[in-house]
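Quick note on numbering: the working numbering labels position 236 of the sequence shown as 330, and the sequence is numbered without any gaps. Note that the Cβ used here is the ideal one computed from N, Cα and C, for glycine as well. The next block holds one structure in the form of structure tokens; read it before the comments.
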Amino acid sequence: MTSTSNNDEMKLSFDPTRAKSLVSAFQSVSEKVTKAAAGRNVRLVAVSKLKPASDILALHREAKVEHFGENYAQELMEKAEILPREIKWHFIGGLQSNKCKPLSSQIPNLHLVSSIDTPKKATQLSLGRSLLSPPAPSPLLIHIQINTSGEDSKSGVSPGPDATALCKHVLSECPNLKLVGLMTIGAIARSKEGGENEDFKVLREERDRLEKELDVKLELSMGMSNDFEEAVRQGSGEVRIGSTIFGERPPKEEFRVKGEVER
Ligand SMILES: *Cc1c(COP(=O)(O)O)cnc(C)c1O
Numbered sequence: 095m096t097s098t099s100n101n102d103e104m105k106l107s108f109d110p111t112r113a114k115s116l117v118s119a120f121q122s123v124s125e126k127v128t129k130a131a132a133g134r135n136v137r138l139v140a141v142s143k144l145k146p147a148s149d150i151l152a153l154h155r156e157a158k159v160e161h162f163g164e165n166y167a168q169e170l171m172e173k174a175e176i177l178p179r180e181i182k183w184h185f186i187g188g189l190q191s192n193k194c195k196p197l198s199s200q201i202p203n204l205h206l207v208s209s210i211d212t213p214k215k216a217t218q219l220s221l222g223r224s225l226l227s228p229p230a231p232s233p234l235l236i237h238i239q240i241n242t243s244g245e246d247s248k249s250g251v252s253p254g255p256d257a258t259a260l261c262k263h264v265l266s267e268c269p270n271l272k273l274v275g276l277m278t279i280g281a282i283a284r285s286k287e288g289g290e291n292e293d294f295k296v297l298r299e300e301r302d303r304l305e306k307e308l309d310v311k312l313e314l315s316m317g318m319s320n321d322f323e324e325a326v327r328q329g330s331g332e333v334r335i336g337s338t339i340f341g342e343r344p345p346k347e348e349f350r351v352k353g354e355v356e357r
């Protein structure tokens with residue numbers, strides 16, 4: 095066992111047939127992203143929430159996929175514990191303040207948190223990161239989540255003064271965090287209309303405003319399974335793709351981290 099392996103990692107295995115279909119789905123999405131990106135670099139995050147650890151291991155081993163996105167703190171902590179340390183974990187889901195410190199203090203390879211929408215969450219994440227032992231070699235990357243559609247049901251900070259204040263907080267009060275971009279989920283209706291998506295436009299304009307006002311560079315994280323090509327055309331630097339790679343997700347209550355392989 096190498097020093098980068100975790101204790102339980104060796105017990106995990108994956109089905110070669112399943113691995114083949116995952117790799118093929120990933121590559122097909124990846125080609126579409128590259129085509130839409132027209133020469134730009136766009137990160138493809140494989141959203142593995144509610145999918146077994148064996149699926150993640152298969153993509154990591156067979157297609158060298160590094161970036162995986164998760165939505166639930168407990169699920170991510172369990173997966174990170176048993177999967178290779180080379181994986182760069184992205185937390186993209188709704189985050190409770192009390193889960194921030196455990197997440198960043200217990201997962202050394204937590205790479206980027208995309209769903210920061212309050213100063214308190216940022217402070218807690220930064221604090222947790224400072225508790226890692228050995229110390230993390232680099233700060234934890236952060237996206238501020240923006241509510242671009244104005245729907246009450248969507249999380250994220252409103253564009254304007256609140257977003258500015260939150261960015262400033264991360265930049266000046268959180269020594270173990272590095273602000274690198276803005277994230278939006280967007281309204282499904284606005285993605286299905288075809289043509290330019292209003293949420294993506296709002297996020298881009300907010301990015302332009304904040305870059306100028308705060309003198310920083312910010313990337314855009316927008317685009318999921320049903321709208322990622324349009325998102326990339328509209329300037330996204332990161333897409334988060336789940337069901338197109340992994341298939342439909344099971345209901346949360348039926349999910350087991352180590353499911354499916356044993357069955
Ligand atoms: C689940 C999720 C995704 C992936 O969604 P798909 O439609 O399955 O591609 C992307 N971003 C966030 C924030 C998510 O919660």
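**Asked** Of the choices G317, L235, L144, V351, whose alpha-carbon is the least far from that of L204?
**Response** The count along the sequence shown starts at 1 and reaches residue 204 at position 110. Selected option, being the one with the closest Cα: L235.
**Neighbourhood of L206 by C-beta distance below 6 Å, restricted to the same chain and skipping five residues each side** = Residue 206 sits at position 112 when you count from the first residue of the sequence shown. Taken in chain order, the residues that qualify are H184, L235.
**Request:** Specify, as a first and last residue, the run of the beta strand (DSSP E) that I339 falls within.
**Result:** Reading the sequence shown from its first residue, position 245 is the one you call residue 339. Looking at the DSSP string, I339 is not in any beta strand (DSSP E); the run it does join, the alpha helix (DSSP H), is 337 to 340.
**Message:** Counting beta carbon pairs with one atom in the segment 141 to 155 and one in the segment 335 to 346, are three or more of them shorter than 8 Å?
**Reply:** These segments touch.
**Message:** For a test of the three-state rule: what should DSSP assign to M171, helix, strand or coil?
**Reply:** Taking the first residue of the sequence shown as position 1, residue 171 is located at position 77. Here M171 sits in helix by DSSP.
**Item:** Rounded separation between K311 and E160 - CA only
**Value:** Within the sequence shown, residue 311 is the residue found at index 217, counting from 1. Within the sequence shown, residue 160 is the residue found at index 66, counting from 1. If you take the alpha carbons of K311 and E160, they lie about 24 Å apart.
**Request:** Report whether the distance from the Cβ of G341 to the nearest heavy atom of ligand 1 is below 7 Å.
**Result:** Taking the sequence shown and counting its residues from 1, the one referred to as residue 341 is at position 247. Outside the cutoff, so no.
**Prompt:** Between R343, P255, T258, N241, which lies nearest to G280 when the distance is taken from Cα to Cα?
**Reply:** The residue given as residue 280 occupies position 186 in the sequence shown. Of the candidates R343, P255, T258, N241, the residue whose Cα lies closest to the Cα of G280 is N241.
**Asked** Apart from the five residues on each side of it in sequence, which residues of its chain come closer than 6 Å, Cβ to Cβ, to T96?
**Response** Your numbering for residue 96 matches position 2 in the sequence shown. Residue confidence for T96 is low, a pLDDT of 41 falling below 50, so the modelled location carries little weight and cannot support an answer.
**Message:** Assuming the contact rule is C-beta atoms closer than 8 Å, V136 and S330 should be a hit. Round their C-beta distance to whole Å, please.
**Reply:** Sequence index remark: in the sequence shown, residue 136 carries index 42 (1-based). Sequence index remark: in the sequence shown, residue 330 carries index 236 (1-based). Yes, V136 and S330 are in contact; Cβ-Cβ is about 7 Å, under 8 Å.
**Item:** Among K114, I201, E125, K248, the one whose alpha carbon lies nearest that of D293
**Value:** Residue mapping note: residue 293 aligns to position 199 of the sequence shown, counting from 1. Residue K248 is the option with its Cα nearest to D293.
**Option nearest G289 by Cα separation, candidates P178, A325, A113** = Walking along the sequence shown from the start, residue 289 turns up at place 195. It is A325.
**Request:** Return helix, strand or coil for R350, following the three-state DSSP convention.
**Result:** Here the question's residue 350 lines up with position 256 in the sequence shown. Looking at R350 - three-state DSSP - the assignment turns out to be coil, as it is neither helix nor strand.
**Message:** For a test of your reading of the model: does the CB of R137 fall under 7 Å from any non-hydrogen atom of ligand 1? Yes or no.
**Reply:** Here residue 137 corresponds to residue number 43 of the sequence shown, with the count starting at 1. False, no ligand heavy atom lies under 7 Å from that Cβ.
**Request:** Please classify S99: does DSSP put it in a helix, a strand, or coil?
**Result:** Counting from one through the sequence shown, the residue named residue 99 turns up at place 5. For S99, the predicted model reports a pLDDT of 49, less than 50, meaning its position is unreliable; a value from the coordinates is still stated below. In this structure, S99 counts as coil in the three-state DSSP scheme.
**Asked** Are the beta-carbon atoms belonging to V127 and L138 less than 8 Å from one another?
**Response** Here residue 127 is taken as the residue at index 33 of the sequence shown, counted from 1. Here residue 138 is taken as the residue at index 44 of the sequence shown, counted from 1. For V127 and L138, yes; Cβs fall inside 8 Å.
**Asked** Relative to ligand 1, is the shortest distance from any of its heavy atoms to the C-beta of K143 smaller than 7 Å?
**Response** Against the sequence shown, residue 143 aligns to sequence position 49. Flag set: Cβ of K143 near ligand 1.
**Request:** Using 7 Å as the cut-off, classify the Cβ of M318 as near or not near the heavy atoms of ligand 1, replying yes or no.
**Result:** The residue you call residue 318 lines up with position 224 of the sequence shown. With a cut-off of 7 Å, the C-beta of M318 is classified as near ligand 1, since at least one heavy atom of the ligand falls inside that distance.
**Prompt:** Residue range of the alpha helix (DSSP H) that L106 falls in?
**Reply:** Here residue 106 refers to the residue found at position 12 when the sequence shown is read from its first residue. Element bounds for L106: n/a, residue is neither H nor E.
**Asked** Using the beta-carbon count (16 or more within 10 Å), is P110 buried or exposed?
**Response** Numbered from its first residue, the sequence shown carries residue 110 at position 16. Exposed: under 16 other Cβ atoms inside 10 Å.
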